[in-house]
Amino acid sequence: MNELCDLKVHINGHHTLHLHQSVMCAFSGRLRTMVKQEKKASRKEALSIKLADFPGGAEGFELVARFCYNNGRVLLCPSNLPLLHRAAVFLEMTEDVCACNLLAQAEAFVNGLYYWTWADVLTAVKSCEPFAAAADASGLLERLISALFSKITASPEMPTSIAGVGTPNRSSSSCSSSPDTVGFGRSSSTKTPESMRPCVGREWWFDDMTSLSPQTIEKVMRVLGCYGIENKNLILTRFLLHYLRAATRRPAMALCKEGTLAGLADTAVHGVALVGGTAFSCRGLFWVLRIVSAVGLSKECRHKLERLMGLMLDQATLDDLLVSGDDGGVYDVNLVMRLVRVFVGSEEEADAPSQRMGKVGRLIDKYLGEISPDHSLKVSKFLAVAESLPDSARDCYDGVYRALDIYLESHPALSLEERTALCRCLNYEKLTLEACKDLAKNRRIPPGVAVQALASQQCKLQISKPAAAAAAKDGRADPSRTPRRVARARSASVDLDGGSDEKELLRLNLQRMQSRVVELERACKEMKGQMSKMAKGKSSSLGAASCHQTGGRGLPRLC
38 MNELCDLKVH INGHHTLHLH QSVMCAFSGR LRTMVKQEKK ASRKEALSIK LADFPGGAEG
98 FELVARFCYN NGRVLLCPSN LPLLHRAAVF LEMTEDVCAC NLLAQAEAFV NGLYYWTWAD
158 VLTAVKSCEP FAAAADASGL LERLISALFS KITASPEMPT SIAGVGTPNR SSSSCSSSPD
218 TVGFGRSSST KTPESMRPCV GREWWFDDMT SLSPQTIEKV MRVLGCYGIE NKNLILTRFL
278 LHYLRAATRR PAMALCKEGT LAGLADTAVH GVALVGGTAF SCRGLFWVLR IVSAVGLSKE
338 CRHKLERLMG LMLDQATLDD LLVSGDDGGV YDVNLVMRLV RVFVGSEEEA DAPSQRMGKV
398 GRLIDKYLGE ISPDHSLKVS KFLAVAESLP DSARDCYDGV YRALDIYLES HPALSLEERT
458 ALCRCLNYEK LTLEACKDLA KNRRIPPGVA VQALASQQCK LQISKPAAAA AAKDGRADPS
518 RTPRRVARAR SASVDLDGGS DEKELLRLNL QRMQSRVVEL ERACKEMKGQ MSKMAKGKSS
578 SLGAASCHQT GGRGLPRLC
């Protein structure tokens, strides 16, 4: 059969097809022109031409050849329409060359796409991806995307005809992809404008659309006028988050090649920043951060998102703050510090103490206890987190002390200076008596720090005792007091007297600690004196000999 063929076509430098000039040139204006030019150059009957960048490669050209050998007839379907349409444009298979040519048939088929099913339109859009740039240039991709969203707006509920199309897990709604069902809504009592409220009935298409490439999704957002900072649609924002979450589950190599995901992540964050706390809870914002951080995010968009999260930090939980670190640490401590900075700044602008600050203080104390065992957590980072809140944020420093104790236990190699520096985050006056007792007995705490803590606790007791006595005296002298108030005053007095044993024990602990510090200082001085004598003895052997002759005592021998 090869000897009967007089045209050899090389496709994209990889495949070669043997065809007939008369059959192919009857439908293709481009092949007709190329054959004429080749005949003038070589003057041979069997010609050879090359086609570079042919859409679809050898498979696409084979479909075109079947159309030509079948006398201009081919079975068009949504899966091969984009390929045949682009091939017809490439080969100039227009009506000027032949009546009812391939391009005219493809255009006629496209004109009826609004009568296609959802699955047909989705298949056609996906078939454009191998040559998306060419399909976009011809306008076909934009027409298919428009038809796709016409199906979405025309069918608020999932059409029964496509119930089996898409991902295998069709039974699970797209809302279940969020950390919880309230990830996108703060509470049922929060009033959300109708234009901002997520439309749950239109989420049936989320899973099907995740099968499209990032480049196609970017084109979809551009066609809809919602790409980048122009994104003002909450439903599309939710879809992008759903799509990005699915993308993070792909293999790492495939994810690295899809740089377009960073642009989609920025678009999603712009949409989230627009609605803010009206549609997203604090936990929902942390969920968004985890998704977009996995695919890449610009500094501007990260700042927008973190500001939203910081303003709602009092609604966060410990699990929310435990974001994995990417700088060698177990947790992203820098993120929490930035969020606390935003929250404290907003509270300082209010110029009024609030319960929100206390909630964040207790939350940060829990967070400190959770990150303390991390061996890569530096002393400076621990102090930065502990001191990120003002002193007024904590009524009690027991939580900070517990976290500090865990950190010291997990980092036994710390020097005395480092352990002393760590203790500066404690306010000894806000420690409870039990915590102060434990601190005094804790051998990981430097002795000087323990003395300071006990001294501040003793001063606090000395101040509180006259105040309590004065209050009791005033209670006895006031005849207008009720019997119940008198009974309360008496019980308080009894409690104060009953605590004399604890105060005596505290005083003994303080004296014991002071004597321990004095002993340590004395031993330190003796060791310095011995070291200086050793240095002098080594510098002059004659001095050692004269010392021996005069009966003086030599230096102690160190093992």
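Number 444 in the numbering used here belongs to position 407 of the sequence shown; there are no gaps in the numbering.
In this text, a Cβ means the ideal position worked out from N, Cα and C, and glycines have one as well.
Since the model is a prediction, treat every value here as computed from it, not as a measurement.
- Looking at the DSSP output, THR53 shares a beta bridge with HIS47.
- The criterion of a C-beta distance shorter than 8 Å is not satisfied by LEU84 and GLU96.
- Exclusion of the five residues before and after GLY308 leaves ASN268, THR274 as the residues of its chain whose Cβ lies within less than 6 Å of its Cβ.
- Per DSSP, the unbroken alpha helix (DSSP H) holding ILE401 starts and ends at 392 to 408.
- Distance from SER413 to GLY366 at the Cβ level is roughly 5 Å; contact confirmed, criterion being Cβ atoms closer than 8 Å.
- Using a Cβ-Cβ distance cut-off of 8 Å, the stretch 392 to 400 and the stretch 444 to 461 are not in contact, since fewer than three pairs of beta carbons, one from each stretch, lie closer than that value.
- The distance from the Cβ of VAL329 to that of ALA302 is about 4 Å, consistent with a contact at the 8 Å cut-off.
- When DSSP states are grouped into helix, strand and coil, TYR264 belongs to the coil group.
- When the alpha-carbon of CYS319 is set against those of ASP356, CYS105, VAL257, HIS57, the nearest one is in ASP356.
- By the criterion of at least three beta-carbon pairs nearer than 8 Å, the stretch 135 to 144 is in contact with the stretch 62 to 79.
- Taking C-beta atoms under 8 Å as the contact rule, VAL306 and LEU334 qualify, at a distance of about 7 Å.
- With fewer than 16 other Cβ atoms inside 10 Å of its own Cβ, CYS114 counts as exposed.
- SER248 and GLU455 have their C-alpha atoms roughly 54 Å apart.
- The straight-line gap separating the alpha-carbon atoms of CYS460 and GLU563 is approximately 28 Å.
- For THR457, same chain residues with a beta-carbon under 8 Å away, outside a window of 5 residues either side, are PRO483, GLY485, VAL486 in chain order.
- In the structure shown, the three-state DSSP call for SER493 is helix.
- With at least 16 other beta carbons inside 10 angstroms of its own, GLN142 counts as buried.
- Following the DSSP letters along the chain, one finds LYS87 inside the beta strand (DSSP E) bounded by residues 84 to 88.
- Per the DSSP secondary-structure output, TYR280 pairs with nothing in a beta bridge.
- In the DSSP annotation of this structure, the continuous segment of the alpha helix (DSSP H) that includes ILE328 starts and ends at 319 to 332.
- The beta carbon of GLY93 sits closer than 6 Å to the beta carbons of LEU120 from its chain, once the five residues preceding and following it are set aside; these are given in chain order.
- In this structure, LEU54 is the residue among GLU386, LEU54, THR297, ASP43 with its C-alpha nearest to the C-alpha of ALA102.
- Apart from the 5 residues on each side of it in sequence, GLU129 sits with its Cβ closer than 7 Å to the Cβ of SER65, GLY66, ARG67 in its chain, given in chain order.
- In this structure VAL147 does not touch LYS188 by the C-beta definition: roughly 15 Å separates them, more than the 8 Å allowed.
- Within its own chain, the residues whose Cβ lies closer than 8 Å to the Cβ of GLY406, once the five positions on either side in sequence are excluded, are GLY436, ARG439, ALA440, ILE443, listed in chain order.
- Nearest neighbour of LEU426 by Cα position, chosen from ALA331, LEU376, GLY109, turns out to be LEU376.
- Beta-bridge annotation (DSSP): SER361 is paired with TYR368.
- In this structure, ILE408 sits near TYR368, with a CB-CB distance shorter than 8 Å.
- In the structure shown, ALA487 adopts helical secondary structure according to DSSP, grouped into three states.
- The criterion of a C-beta distance shorter than 8 Å is satisfied by VAL332 and ALA299.
- In this structure, the CA atom of THR315 is about 34 Å from the CA atom of PHE419.
- Nearest to ASP351 by alpha-carbon distance, out of LEU281, SER391, ALA310, HIS279, is SER391.
- If the five residues before and after LEU311 are omitted, its C-beta is found closer than 7 Å to the C-beta atoms of LYS269, all from its own chain and listed in chain order.
- The alpha-carbon separation between LEU41 and HIS52 amounts to approximately 19 Å.
- Counting only runs of 4+ residues, the alpha helix (DSSP H) found wholly inside the stretch 414 to 468 occupies 416 to 423, 435 to 447, 453 to 459, in chain order.
- Ranked by Cα distance from GLU144, the first of ARG339, SER164, GLU166, SER175 is SER175.
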